[in-house]
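Numbering (the numbering used here), first residue to last: 13 to 162.
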């Protein structure tokens, strides 16, 4: 069970770092903003978390701020991946409250929050960067096809 937890957490940290670096390197403006939101939230959560304690008010506040940032980015960018990222972040915030106000166990909470606030957000960002790259390459190909030849 411990090995699975290591893969879940360490793998998530590596995947988030790789995806954010990819977004900064090859993404557009909105992908870079999304990567910034994800990276800042991830780093602040790593600093604020207390092992074995479950969610605390600081982490809930970080996730609520990230939710607000993704909603603003979704309204600004009008990109479908950002709307999905905002929805995933909303699910992550709801999992905090479900843990506080119901008999939602710590393992269920960690799984739900790790999925929605971690892996699903990483997937949304990766889909956004892939979509941007596809759109960029298509525009580049069209521009070179229309360029005058000598």
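Glycine included, every Cβ here is placed at the ideal spot set by N, Cα and C.
A straight line joining the alpha-carbon of residue 68 with that of residue 92 spans about 31 Å. Taking 4 residues as the shortest admissible run, the segment 71-118 contains the following complete alpha helix (DSSP H) segments, listed from N- to C-terminal end: 92-113. Residue state for residue 62 is assigned as coil, using DSSP reduced to three classes.
Going by C-alpha positions, residue 26 is about 22 Å away from residue 103. Taken through DSSP and simplified to helix, strand or coil, residue 68 comes out as coil.
For residue 23, the three-state secondary structure derived from DSSP is helix. With a cutoff of 8 Å on beta-carbon distance, residue 112 and residue 125 are scored as not near each other. For residue 46, the secondary structure class from DSSP, reduced to helix, strand or coil, is helix. For residue 129, no alpha helix (DSSP H) segment is defined, and its DSSP state is neither H nor E. When only Cα atoms are considered, residue 38 and residue 115 end up about 43 Å apart. Using a C-beta cut-off of 8 Å, the segment 44-52 makes contact with the segment 73-91, since at least three inter-stretch Cβ pairs fall below that distance.
Under the three-state reduction of DSSP output, residue 39 falls in the coil class, being neither helix nor strand. Straight-line measurement puts the Cα of residue 43 at about 16 Å from the Cα of residue 149. Contact between residue 46 and residue 85 holds: their C-beta atoms lie close to 6 Å from each other, under 8 Å.
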